[in-house]
Structure formats: structure tokens, C-alpha cells
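Using UniProt numbering, the first residue of the sequence shown is number 1, and each one after it goes up by one.
We put the CB at the ideal spot given by N, CA and C, even for glycine.
Heads up, the thing below is written out as C-alpha cells.
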Amino acid sequence: MEKILVTGADGFIGSHLVEELVLQGYKVKAFVYYNSFNSWGWLDTLPSDVLDNIEIFTGDVRDPFGVKEAVTGCDATFHLAALIAIPYSYYSPQSYVETNINGTLNILQAARELNIKRVLVTSTSEVYGTALQVPINETHPRQGQSPYSATKIGADAIADSFFRSFNLPVTIVRPFNTYGPRQSARAVIPTIITQLLSGLKEVKLGALYPTRDLVYVKDTAKGFIEIFKQETLIGEEVNIATNNEVSIEDLANKLFKLTGVEGNIISDAERLRPEKSEVYRLLGDNTKLFQHTNWKPGTTLDEGLLKTIDWFSDKNNLSKYKADIYNK
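In C-alpha cells:
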């Protein structure tokens, strides 16, 4: 039974991935961000029968000594820890360099020194920028249209260099826009749902015309595991996408209908990206993932949105969000 280290395990995708790994019988060491509250993020909400099977490691991916300690004794590493909010990256770009680039370097160096069998580095569809051709496959040019995406391009390049220079068994996993329960309100779907369920009649959003390829979080988690199982994907970059797109405006109208709550969309200037930074179209090509694995998206957009709405409808979950405050 392989032991897998998951960094960013306390976050949205990380917590779902940890849960799925445990359910599939893997040993899991969950790397969570150290804090004085002894909070394990979303892992604290997992059922006890899952949580009891997880080894918790608290630390900071920016610290190479702690990272090496975390990697020690593991067979593989799924590296998800990152700063991901695009608007915040406009204000604090150095913190993104330190976490996303240096943090990834620390993981790669530790994995190299400890002869780790597999390393999965999490990328993002944002590295492609606005689509130059669709669907977007893994050869699409990289466009750093925000400090966030630029640091993820840098992290991907360092990961690729470790494969080429040291034969480190790295795979770059590139999820498109993942959504579902536990997602932070800096993403558009929780932004819309929390405003609607909190009784706000005016839903504040940024640009309405960009399109996104939306992947339900359970499907993303299973995609990671299927990629991990295939050694043919070592040294490769792999999209996790649905080959479908929806505009933000159409998505908002769909959520109005599914929640049964009427609302008006208000364009909020604070939520608009600078024009050259906005990514107008993301439509992913999942051909490589289909060719190498048994993965298929198991959740339609309507099904995933209904599951997400149901989770947010729980008052205990909704109370964790501040719907009236813009989360950068």
C-alpha cells in the first residue's frame, strides 16, 4: 500500500483528494498549513472514519526543512499547496513567488533527494491565458496574464526541468475550473450561490462574458488518482477538463433557476480584472487524459451545481462565508 503526501490538503481540492485517496485504500499524509489555532482547514469537517486514517503534518511549503521532513517516508507526493486568488496576486505578487515557485522547488528538491517514486505537481488552466485556439490542449502557448498565472507557469517550468535534468518522475496535472462543496468565495460559483442563499437580491459579479470549462471537484480528485496510476504520463502535462464551456452570465442564470431564487446581476467594477489580464475563454481538451487513463467526468454541470447548492444550503456551511464582502 503506497503512502502519499498531499500538500494543500486543508484546502478545497486537497481535502476532496485526501478523502478520495483514503476511500481507495491509500495511506495518506496530509500536509496542512501551520497555524496557532491548530486548524486543519476543511479536513476538520471530514467524517471521523476518514480522518482517523489520515496522518497530519503541519508546516509551510516555503520552508525546505519542513518540506523534507514531510516528504520523508512517502512513496509519492501530490503537490497542491499554492496561493490561487488572482485579484490578491495583483497586490501581493511576492507572496505568490515565494509560495508557488519556491514552494514547488522545495517539494521537487526533497523528492529528488529522497528518491520519491512519483511527483504530481498541480498546475492551472490559467497558465494558457485567453484561448488562442480551442479546445486548449497541452501544447497551447503559456500566457502569464496575472502574477498568479505567471508564478504557476514558473512552477511548471521548474517541475519540467527536474524531470529533464534529474529524471525525477514528475507529472504536471492541469485542472480546469474546479467547483463544488468547500470552495472559497473567491471563485464565481460560491460567489453567486452565497449571495443568493443569503437573501441578497443584487448579485455582484465581474465580467459576464468570459467562458470557463467547469469540472466537479470529485471528478478532479479522481483525475489526479487516475493520472498517478499511469507511468506513461511521467514527464507529461495533462489537462483535467470536460471539453465544455459556459459563460459567467449563463452560469449565473442557471444558478438562479436551480436555487429558485430571483436576482439581478450587478456589474461591480471592483471585481473586474484589468482588460489585458482577463482570461476571456477557457475550453479544455482532455484527449490525452482519455488516451492514457480510464477517467471520465462522472458529474454533469447541472448535477454538480445541485450538489454544490445543497452543501451551501446547510446553514452551518453557509455561515462560514461572508456573502456581502468581496473575497479577493
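- With respect to leucine 17, phenylalanine 162 sits apart: the two C-beta atoms are not nearer than 7 Å.
- If you draw a straight line from the Cα of glycine 260 to the Cα of leucine 205, it is about 19 Å long.
- Using a C-beta cut-off of 8 Å, the stretch 199 to 215 makes contact with the stretch 246 to 254, since at least three inter-stretch Cβ pairs fall below that distance.
- Collapsing the DSSP output to three states places threonine 242 in coil.
- Under the DSSP assignment, histidine 16 falls outside any beta strand (DSSP E), being part of the alpha helix (DSSP H) whose first and last residues are 12 to 23.
- Apart from sequence neighbours up to five positions away, the residues of its chain that approach proline 93 with a beta-carbon distance below 7 Å are Pro147, ordered along the chain.
- Looking from the CA of glutamate 55, the closest CA among Lys257, Thr191, Val71 belongs to Val71.
- When only Cα atoms are considered, isoleucine 86 and tyrosine 326 end up about 13 Å apart.
- Secondary structure at alanine 252: helix, using DSSP grouped into helix, strand and coil.
- Tyrosine 148: member of the alpha helix (DSSP H) spanning 147 to 166, first to last residue.
- Setting aside the 5 residues that flank it on each side, lysine 328 is surrounded in the same chain by Ala85, Pro87, Tyr88, Arg186, each with a C-beta closer than 7 Å to its C-beta; the list follows chain order.
- Straight across, the Cα-Cα distance linking valine 6 with lysine 218 is about 16 Å.
- For glycine 59, the enclosing beta strand (DSSP E) begins and ends at 54 to 59.
- DSSP lists Lys29, Thr77 as the bridge partner or partners of leucine 5.
- Approximately 7 Å separates the beta-carbon atoms of valine 238 and threonine 171; this is inside 8 Å, confirming the contact.
- In terms of CA proximity to aspartate 268, Val203 leads the group Val203, Leu51, Ser39.
- By DSSP's assignment, tyrosine 216 forms a beta bridge with Tyr179.
- The alpha helix (DSSP H) runs lying completely inside the stretch 67 to 111 and spanning 4 residues or more are 86 to 91, 93 to 96, given in chain order.
- One alpha carbon belongs to glutamate 19, the other to aspartate 49, and they sit about 10 Å apart.
- Contact between the stretch 229 to 237 and the stretch 311 to 327 is absent: fewer than 3 CB-CB pairs across the two stretches fall below 8 Å.
- When the Cα atoms are used, tyrosine 26 and glutamate 126 turn out to be separated by approximately 30 Å.
- The Cβ-Cβ distance between asparagine 264 and leucine 214 does not fall below 7 Å.
- Per DSSP, leucine 305 is not a residue of any beta strand (DSSP E); the alpha helix (DSSP H) it occupies stretches across 301 to 313.
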